[in-house]
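K.L.:
There's a structure below that I have some questions on.
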Amino acid sequence: MNEPAAGALLGFRGESRRVLAIVWKDLTAERRTKANFNAVAFLAALILLLFGFAIGPDQAAIEAAAAGLVWLTVLFSGVLSFNRSWEQELEDGALEALLLYPGDRRSIFLGKLIANLLFVFAVEAVLVPVATVLYDLPVLEHAFALAGVIALGTLGFVTLGTFYAALASRMRAREVLLPLLLFPMLIPLLVGAVESTGQLLQGDAMGNAGAWIRLLIVFDVIFLVASIFAFEHVIEE
Amino acid sequence: MSEWSFVIAAYGLTWFVLSTYAVYLMRRRTLAERTLTRETREDGWQG
Amino acid sequence: MAGLTEGRPRLPRWVIPFGLFALGFFILAQAIGLLNSPPEIGMGNLQKIMYVHVPAAWNAMIAFALVLFWSLLYLWKRQEKHDLLAASAAEVGTVLTGLALALGMIWAKPTWGVWWTWDPRLTFTATMFLIYVGYLALRAFTEDDERRRRWSAAVGILGAINVPIVYMSVRWWRTLHQPQSTPSTVDADYVLGLRMNAFAFLFLLIFFVAVRYHAARVEREAEVRLEERALADGAVHV
């Protein structure tokens, strides 16, 4: 059987198999340390509670701020998972081993991206219900649209988070550097996600959410492509 | 006019920042050249 | 010892004369701005702040474009000088962005009564400032040379890509919640002063980048020689 030359494109099926292998490896490592997911999910709930104390108890104030609080909580809790994902590779020298195999660096990035995405989605599966209860959010109307917005916002967040963590995880002061590098880049995403979520939670009378959702899509596409391109250059060891 | 104090503050800040940065750059350049001279000299002595 | 370049990096002869020219032009432009334009109808003398705030902001964007250009060039050609050029432009750009931010706040206080408003220009400038600072922090914290060059280029490119996106999103965001009230039209009276100051800042930008780049090259050269010597001396390694 012909082994493709190192670095050569594997072809779609080969590549997707490779991506899935990386996803699986990442998640099973995560599962072995399920404590990590529990801790992050619990922290997210805690942050929501703290925000409640900080903004409340006036329900009107909380309602006005709810969309922002939820997304900030996603950011603050999600950011903790990205470094960890890369650190696992560094610990057992797995990254070097991965790079030796033929196939795109792209699949490493996509694998990590998907694994992080699933992790953050799982955290959100805890976070959103807690927020719904704590802040009395009307999530049932426009539930589909809300789910879509959450998915789009999370995708952009995780894309850039995975990329910057690939760098930060290999530096000193990684816990500080990742947010420092990542959060300014997320500002358009935050604005778009909060605005569309807020609009939807308030009934979206003027249909404004659509414009913000388009911004999210544009952001996601541009930075997915850009991160994949950039990743090829930052991981050439 | 209290407006003027803001205009003065703006221009003053601008001149201050630009000139300080210019001075910093010249100093950095001088220090760098001095370091390089030292390195080169030591190279020369080595062989 | 070969060092990085052949021979010693020299500051190009045009730089110092150009710097003096830039200084002279700057003084001229500032004088014209301050003295030549009558107080504006709405803003009064505050309008004069535009002659420093706007040129600083514009040239900060030009610096960002330079970072993008040289970062792309570095990833393509892998020549160290492009990395140093990008880093120099980033440092100068950070200074200009910080200045533009401060000037924006100095303008905001007498105009709106507060030091900070969530005005699209202020928030955009603040975001750009943070992205620039992140770039510089990355360079400062990355010790391996090769890595630093590649990573900075990637981060610089991503940051530059975000410029139009940030710009659009903060403008939308603001106009949604409040009608635009920023006086943006510039009358013929003021165009000359604005253009002259824009060029004045541009000349200073070029001068600053040139000197910073030269200093970076010299520092790098010294670093490389130091490393080479350390390698040669420490031939007996454990």
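Protein chains in written order, with my numbering: chain A, 5 to 241; chain B, 159 to 205; chain C, 3 to 240.
Quick reminder that beta carbons are idealized off the backbone N, C-alpha and C, glycines included.
Predicted, not measured: the structure shown is a model, and the values here were computed from it.
Mind reading off the beta-carbon distance from E199/A to T158/A? Whole number of angstroms is fine, and I expect it under 8 Å.
P.N.:
Incorrect: roughly 16 Å between the Cβ atoms, too far for contact.
K.L.:
Suppose contacts are defined by Cβ-Cβ distances below 8 Å. Is T172/B in contact with L101/C by that definition?
P.N.:
Result yes, Cβ atoms of T172/B and L101/C sit closer than 8 Å.
K.L.:
Check whether the Cβ atoms of A39/A and L205/A lie closer than 8 Å to each other.
P.N.:
Going by C-beta atoms, A39/A is not nearer than 8 Å to L205/A.
K.L.:
Do you know how far the Cα of V135/C is from the Cα of L171/A?
P.N.:
Between L171/A and V135/C, the C-alpha separation is close to 16 Å.
K.L.:
Cα separation between V94/C and A162/C?
P.N.:
The alpha-carbon atoms of V94/C and A162/C are separated by roughly 15 Å.
K.L.:
At which residues does the alpha helix (DSSP H) containing P11/C begin and terminate?
P.N.:
Run containing P11/C: none; DSSP gives neither H nor E here.
K.L.:
Roughly how many angstroms separate the alpha carbons of A62/C and R185/B, rounded to a whole number?
P.N.:
If you take the alpha carbons of A62/C and R185/B, they lie about 23 Å apart.
K.L.:
Could one say the Cβ of V225/A lies closer than 8 Å to chain C's Cβ atoms, at least one of them?
P.N.:
Cβ-Cβ to chain C under 8 Å: no for V225/A.
K.L.:
How many angstroms separate the CA atom of L160/C from the CA atom of A230/A?
P.N.:
Approximately 7 Å between the Cα atoms of the pair.
K.L.:
Listed in chain order, which residues of the region 202 to 225 of chain C have Cβ atoms closer than 7 Å to some Cβ of chain A?
P.N.:
Of all residues in the region 202 to 225 of chain C, none has a Cβ within less than 7 Å of some Cβ in chain A.
K.L.:
Just to confirm the assignment: which complete alpha helix (DSSP H) runs, minimum length 4, are found wholly within the region 60 to 134 of chain C?
P.N.:
As far as the region 60 to 134 of chain C is concerned, its whole alpha helix (DSSP H) runs of at least 4 residues are 82 to 114.
K.L.:
Helix, strand or coil for G214/A per DSSP?
P.N.:
Reduced to three states, the DSSP call for G214/A is helix.
K.L.:
Report whether the distance from the Cβ of R185/B to the nearest heavy atom of the ligand MN is below 7 Å.
P.N.:
With respect to the ligand MN, the structure offers nothing, as it holds no ligand at all.
K.L.:
Spatial neighbours of G207/A within its chain, please: C-beta separation below 6 Å, excluding the five flanking residues on both sides.
P.N.:
Nothing meets the Cβ criterion.
K.L.:
Could you work out which residue in A128/C, F126/C and A89/C is closest to D147/C when comparing CA atoms only?
P.N.:
Nearest C-alpha to D147/C: A89/C.
K.L.:
Return the first residue and the last residue of the alpha helix (DSSP H) that G236/C is part of.
P.N.:
First-last for G236/C: undefined, no H or E at that position.
K.L.:
Which residues of the region 125 to 156 of chain C have a Cβ closer than 7 Å to any Cβ of chain B? Give them in chain order.
P.N.:
The residues in question: there are none.
K.L.:
So with CB distances below 9 Å, who are the chain C contacts of E67/A?
P.N.:
Neighbours of E67/A on chain C: none; closest Cβ ~16 Å, over 9 Å.
K.L.:
On a Cα-Cα basis, can you pick out the residue from I239/A, F55/A, E236/A and G152/A that is closest to R218/A?
P.N.:
Residue G152/A is the option with its Cα nearest to R218/A.
K.L.:
Please state whether DSSP places T32/A in a helix, a strand or coil.
P.N.:
It is helical.
K.L.:
In the structure shown, what three-state DSSP assignment does H55/C receive?
P.N.:
Looking at H55/C - three-state DSSP - the assignment turns out to be helix.
K.L.:
Could you name the residues of chain A that L160/C contacts, counting a contact when the two beta carbons are closer than 9 Å?
P.N.:
Going along chain A in sequence order, the residues near L160/C (Cβ under 9 Å) are L164, F167, Y168, M189, F227, A230, S231 and A234.
K.L.:
Alpha carbon to alpha carbon, what distance is there between L79/A and V134/A?
P.N.:
V134/A and L79/A: Cα-Cα distance of roughly 16 Å.
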